[in-house]
Structure formats: C-alpha cells, structure tokens
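Engineer:
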DNA sequence: CCGACTCTGATTGTATACGATTTTGTATAC
DNA sequence: GTATACAAAATCGTATACAATCAGAGTCGG
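Residue numbers (this note's numbering), protein chains in the order written: chain P, 333 to 583; chain Z, 333 to 583.
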C-alpha cells in the first residue's frame, strides 16, 4: 500500500527517544492521503496495515480512524452485521458533493451575515482584506503550469478571511468539520473545472461588494450563491467530463 | 462520582461470557449524563475514573471520550500545552447557545427548503404529519405536572419529522452532530422557559403553514425564525432568571 | 510572609496480548 | 462445473502493562 507516496517513511520518530503523540500525525497523514486521492474511494483500510505502514502501534491508528469516520472520509463497509466494523474510504458521488456544498454555503452564509454587524471601518477593512486575498487567488490561477496546491491554498485563504472575521468558534468548528470532505471533492474535480475561473471570480467579487455595503441578507445571498453555483458547476462538469483527477491510489 | 445516578451499575456484562461492544454504551451513557446535567459543566473527567465507575477498561472509555470531544461536550482543560489533554465537561454560556441555535436553524432551514420540491400530495402529507406531531407536543406541554422527558421527545419528534422528510444523509448527519449540545441547553434551560409555550406554538404553526404552501424561501424563513427566536428566548430567560435547572452533578 | 524548587502522585499516550467473529480459501460431494 | 462444508487466516474490540509528562503539595530559603 502507499506505493505512490513520496514519503512512506515512518511517523516522526525523529529526535531522541521521545515518543511523540502519534495519533495526531497519523490522522493528518491519513486524511491528506484520502483528500488528495492517494487512497481511492472504496479502498479498504485496516488498522494493522496502516500501523505497519506508519511504524506505530494499532492504538493511535485506531483513534485516527475513528476520527476519520467522524469526518465522513471513512465509512463502515456493508456486512459488519455482528458488531464488527470494517472500514473503507468513503465513495464519492455527485449527490454527496451537492449536499456538502450546500451545507458549507449555509454555514458560511450564516457566518458572513455577521459582517453586517461590523462597524463601518471594520467592514471596509474586511472588504479590503478579501480583495487582497482574491487578487492573490487570481494570481495563482494565472500561473502556468497550474500549481494546484497553491491555488487551493489561495482559494481557502479567501474563504478563511471571511469566516475568521465573522464566525464564532462554534460555527468555525462546524465548517472545519466538513472541510476535509469539501477539499476532497475540490481536489478531485479541479481539473474538470479549471482553468476557467470566470464564474468564481464574479461570485467572489459579488461577495466583496456585498461585504462592503449590502445588508445581512445580501451578504448571505452572495456567499450562498458562490457555494451553490460551485456545486452546480462541479456536478455538471462531472456529468459531462466523466472521471476527475486520476486516482493514484488503488481500489 | 455519579452519586445521583439511578443506575451506577456496570456496563452490560449481562449475558454469557460474551464481551459486548462497550464503547457505544459508554458513549451513550456519558453523553446522557452530560446532556441531562448530571455531570456539571467544568467537571473534570478522567479515563480511569469513568472506566472504574462503569466496570470496563480504559480503552472503550477513551474512545467514547474522544467522541464526546468531537461533539463538543468535553473540552480540553486550560494548559494542555505540552501534548497532554485533560478533559472537562464543556462549560455552558449564552454566546455558545446562541451560535448553536443559529447553526441548527441554518441547517434545518436548508433542509426544509427541500419541502418546496416535493410533489403537492407529499407536501400535504408532510404538513399533516407535522400537524399531528405538533398536537402531540401540545398535549405533552399541557400535562401537569410537566414530564420533561416526554416533552422533549415530542418536541424532537416535530423537528425530526421535518428533517427526515427533507434532508439528505449528509445534512442529517450534521444536525445529529450538534444535537447533543442543543439538547443539553434545551434540557438545562427548559424550566426557565416553560410552561408558556405560546411563542413556540405560533412558530411551529408558521412552519406547518409554510410547508403546506409557501416557497422554499418562505419555508426556510419560518424554520429559521423558530430557532433564532428560540435562542433569543433562552438567552433572555437566562439573563433574567439566572441559573437554570439545578445541576445534580458536581463541579 | 512570600516565592522558587523539588518531589511525588496522578493521568495520559502508546504498545502489546488475547479472545471472538468474520471472511476467505480449499477440498469434497453431487 | 457448482455448491457446500470445513479449516485457516485476518481483523476487530477489549484489557492490561509501561513509559512519559504534568499538576499540585510540600519544603526550603530569602
């Protein structure tokens, strides 16, 4: 397993005899593996297998896997009637994508309403920061060849700027909870959408305008539109173009 | 600990020598303990303590506690800077309550939009079921003395009827994820609100009317209003009335 | 009397052993 | 050739042991 990984090396057994907390790194590693498609949808994942692969015992792996189940990146596989739970990488399908994006839109839209309660000075400052983030995103989108890592980072930064300025801790936590899955779809289908980011540019611009001067309802509408339309774009691209990025993992 | 529990007995060591899956029951038990206030906000929770109390080893308790952290019912206590995480029952405060209810409103509102896409016949049927659920809720609210367990069950049933008919699996999962915390606040502050459920009746009636004949926007607005106004009621009740239900747990 | 230091107890994180159940592979009968 | 029965491997859930670290009490010095 993980034949395509660039670093199949064991987990941080780096310095000294210290036994660093392994569950966190294991989780992060597994999550990224799934989000970036190195572990294909449907691939079965076993505790011992991952543990061997990463050079830790089953205990932290088990904890990480439970975490991933909670994230929706791993799902219990069919039979397990007895009480046993065999896990596999969650499948990807357009219906889930649509729901996920709508949820993200509803949550981020709810957060963004808070921008209307900001003082005029702060609203302007936020709009300015969003403009800067958007410019950075466009710059990344203009580079050739496309650097997807950078592009995703810039795109995330735009939304993070908005959320950090408007959402409370609970809302932020909710958004963080679904982000791995959203990122997974984004990463997977990106080649189908790009390199034409025109609609995204326009929707982001509308968000910035709304943050600058619209009512709470207007801001929320703009944010939701971005997510809802993004979902529609991806679903359509999927229906037309077929499979997305070739998964280097194995099924 | 758990002096006030009615059944401090060990977990299901009931039949045969079978070792039943313990993590699930441990989670459910701990969650209910917190939701119903038997474990007071701020109370520290240790793995070994719970394990002894419930007659299982630390392993399933550990799993359950991680689950509860994810639910937001347990939080890492102050320092934990090193890499160690001591856990305590999450505190309760009006700001969190407000955010939680707004999130629930946004999600359930998003779900309820789906009612507008239903066939006329099914919309009417859903409105009928909601009406029945609402009548059951009012009946429970009219009983004296108030049976909170029954009241909560009926109230949940109303919302569940709506969500089950309109939300996809992802959205339902999101709502389930925040429900324990919502229930916790609901349970804790109920004595402050009741027995005057007039506003709740009116808001539920508005939801039913909207489901019967309004647009997606109208339905969503009605659902949101119920949650947003509910949050406002609880926050206000808290500000006026002071502490809610006396916690029988220890701090 | 107050502050810094040390030591001990408590608590978490990880590793490993064991039992139980499911799944898979093989051989045999029809 | 197919299906069934049995055996063997695999995998999960739990328990327990051990190591490392942190919090707090107690003590000593100023």
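Using N, Cα and C, we set each Cβ at its ideal position, and we do this for glycine too. Please read these numbers as outputs of a predicted model, since none were measured by experiment.
Could you tell me how far apart the beta carbons of residue 440 (chain P) and residue 507 (chain P) are, in whole angstroms, since I believe they sit closer than 8 Å?
Structural biologist: The pair is a contact, with the Cβ atoms about 6 Å apart (cut-off 8 Å).
Engineer: Whole angstroms is fine: what's the gap from residue 354 (chain P)'s alpha carbon to residue 394 (chain P)'s?
Structural biologist: Distance between the alpha carbons of residue 354 (chain P) and residue 394 (chain P) is about 11 Å.
Engineer: Mark residue 373 (chain P) as exposed unless 16 or more other C-beta atoms lie within 10 angstroms of its C-beta, in which case mark it buried.
Structural biologist: Under this definition residue 373 (chain P) is a buried residue.
Engineer: Would you please verify whether the beta carbon of residue 518 (chain P) is less than 8 Å from any beta carbon of chain Z?
Structural biologist: So no, residue 518 (chain P) is outside the interface.
Engineer: Excluding the five sequence neighbours on either side, which residues of its own chain have a C-beta within less than 7 Å of the C-beta of residue 343 (chain Z), listed in chain order?
Structural biologist: Because the pLDDT of residue 343 (chain Z) is 44, which lies under 50, any placement of that residue in the model is unreliable, and the number read from its coordinates should be weighed accordingly. Contacts found: 354, 357, 358, 386, 387 and 388.
Engineer: Identify each residue in the region 482-512 of chain P for which the Cβ-Cβ distance to at least one residue of chain Z is less than 9 Å, and report them in chain order.
Structural biologist: From the region 482-512 of chain P, only 499, 500, 501, 502, 503, 505, 506, 509 and 510 have a Cβ closer than 9 Å to chain Z.
Engineer: When DSSP labels each residue in this structure, what does residue 377 (chain Z) get in the three-state scheme?
Structural biologist: Strand at residue 377 (chain Z).
Engineer: Return the first residue and the last residue of the beta strand (DSSP E) that residue 420 (chain P) is part of.
Structural biologist: 419-421 is the span of the beta strand (DSSP E), which, as asked, contains residue 420 (chain P).
Engineer: Would you say residue 361 (chain P) reaches chain Z, if we count a Cβ-Cβ gap shorter than 8 Å as a contact?
Structural biologist: Chain Z contact via Cβ: absent.
Engineer: Determine the chain P residues that contact residue 390 (chain Z) at a beta-carbon separation under 8 Å, and present them in chain order.
Structural biologist: The premise fails here: residue 390 (chain Z) is roughly 11 Å from chain P at the closest Cβ pair, so nothing lies under 8 Å.
Engineer: Please name the residue in P:532, P:494, P:560 and P:363 whose C-alpha comes closest to that of residue 544 (chain P).
Structural biologist: For residue 544 (chain P), the nearest C-alpha among the options comes from P:494.
Engineer: Let me see if you follow: with CB-CB separation under 8 Å, is residue 542 (chain P) close to chain Z or not?
Structural biologist: Residue 542 (chain P) does not count as touching chain Z.
Engineer: Please decide whether residue 348 (chain P) counts as near chain Z, where near means a Cβ-Cβ distance under 8 Å.
Structural biologist: Confidence at residue 348 (chain P) is low in this model, with a pLDDT of 30, below 50, so its placement is unreliable and no value can be given for it.
Engineer: Measure the alpha-carbon distance for residue 368 (chain P) versus residue 462 (chain Z) and round it to whole angstroms.
Structural biologist: Approximately 43 Å, taken between the alpha carbons.
Engineer: May I ask which residues mark the beginning and end of the alpha helix (DSSP H) holding residue 407 (chain P)?
Structural biologist: From DSSP, residue 407 (chain P) is part of no alpha helix (DSSP H) but of the beta strand (DSSP E) over 406-408.
Engineer: With burial defined as no fewer than 16 other Cβ atoms inside 10 Å of the residue's Cβ, what is the status of residue 530 (chain Z): buried or exposed?
Structural biologist: When all chains shown are included, residue 530 (chain Z) counts as exposed.
Engineer: Quick test of the definition: if touching needs 3 or more C-beta pairs under 8 Å, does the region 421-434 of chain P touch the region 469-479 of chain P?
Structural biologist: With the cut-off at 8 Å, the region 421-434 of chain P and the region 469-479 of chain P do not touch.
Engineer: In this structure, does DSSP put residue 356 (chain P) in helix, strand or coil?
Structural biologist: Residue 356 (chain P) falls in the helix class under three-state DSSP.
Engineer: Which residue's Cα is closest to the Cα of residue 442 (chain Z): Z:398, Z:547 and Z:564?
Structural biologist: Answer by Cα proximity: Z:547.
Engineer: So, residue 552 (chain P) versus residue 444 (chain P), is the Cβ gap smaller than 8 Å?
Structural biologist: Closer than 8 Å, so yes.
Engineer: From Z:536, Z:572 and Z:397, pick the residue whose C-alpha is nearest to that of residue 557 (chain Z); which is it?
Structural biologist: Ranking Z:536, Z:572 and Z:397 by Cα distance to residue 557 (chain Z) puts Z:536 first.
Engineer: Check for me: the alpha helix (DSSP H) holding residue 450 (chain Z) runs from which residue to which?
Structural biologist: Where residue 450 (chain Z) is concerned, there is no enclosing alpha helix (DSSP H), given that its DSSP letter is neither H nor E.
Engineer: Could you run through the region 383-408 of chain P and flag, in chain order, every residue whose CB is less than 9 Å away from some CB of chain Z?
Structural biologist: Within the region 383-408 of chain P, the qualifying residues are 391, 394, 395, 398, 399, 402 and 404.
Engineer: Quick one: does residue 427 (chain P) have its CB under 8 Å from some CB of chain Z?
Structural biologist: Answer yes: the Cβ-Cβ gap between residue 427 (chain P) and chain Z drops below 8 Å somewhere.
Engineer: Could you check the C-alpha separation between residue 565 (chain Z) and residue 420 (chain P) for me, to the nearest Å?
Structural biologist: Residue 565 (chain Z) and residue 420 (chain P): Cα-Cα distance of roughly 44 Å.
Engineer: Beta carbon of residue 569 (chain P), beta carbon of residue 430 (chain P): below 8 Å?
Structural biologist: Going by C-beta atoms, residue 569 (chain P) is not nearer than 8 Å to residue 430 (chain P).
Engineer: In the structure shown, what three-state DSSP assignment does residue 529 (chain P) receive?
Structural biologist: Reduced to three states, the DSSP call for residue 529 (chain P) is coil.
Engineer: To be precise: take each residue of the region 435-453 of chain P, compare its Cβ to all Cβ atoms of chain Z, and keep it if any distance is under 7 Å. Which residues remain?
Structural biologist: The residues in question are 435, 438, 439 and 442.
Engineer: In three-state DSSP terms, what is residue 389 (chain Z)?
Structural biologist: In the structure shown, residue 389 (chain Z) sits in coil (DSSP, three-state: anything other than H, G, I, E or B).
Engineer: Measure the alpha-carbon distance for residue 512 (chain P) versus residue 505 (chain P) and round it to whole angstroms.
Structural biologist: Taking the straight line from one Cα to the other gives about 12 Å.
Engineer: In whole angstroms, what separates the C-alpha of residue 542 (chain P) from that of residue 499 (chain Z)?
Structural biologist: Between residue 542 (chain P) and residue 499 (chain Z), the C-alpha separation is close to 29 Å.
Engineer: Please return the same chain residues whose Cβ sits closer than 7 Å to the Cβ of residue 561 (chain P), not counting the five positions on each side in sequence.
Structural biologist: 531 and 535, listed in sequence order.
Engineer: Assign residue 452 (chain P) to one of two classes, buried (16 or more other C-beta atoms within 10 Å of its C-beta) or exposed (fewer than that).
Structural biologist: Its Cβ having fewer than 16 others within 10 Å, residue 452 (chain P) is exposed.
Engineer: Exposed or buried, which one is residue 572 (chain P) when buried takes at least 16 other CB atoms within 10 Å?
Structural biologist: Label assigned to residue 572 (chain P): exposed.
Engineer: So, for residue 555 (chain P): in the same chain, excluding its five sequence neighbours on each side, which residues have a beta-carbon less than 7 Å away from its beta-carbon?
Structural biologist: So the qualifying residues of the chain are 437, 440, 441, 444 and 539.
Engineer: On the criterion of 16 or more Cβ atoms from any shown chain inside 10 Å, does residue 392 (chain Z) qualify as buried, or is it exposed?
Structural biologist: Result: buried.
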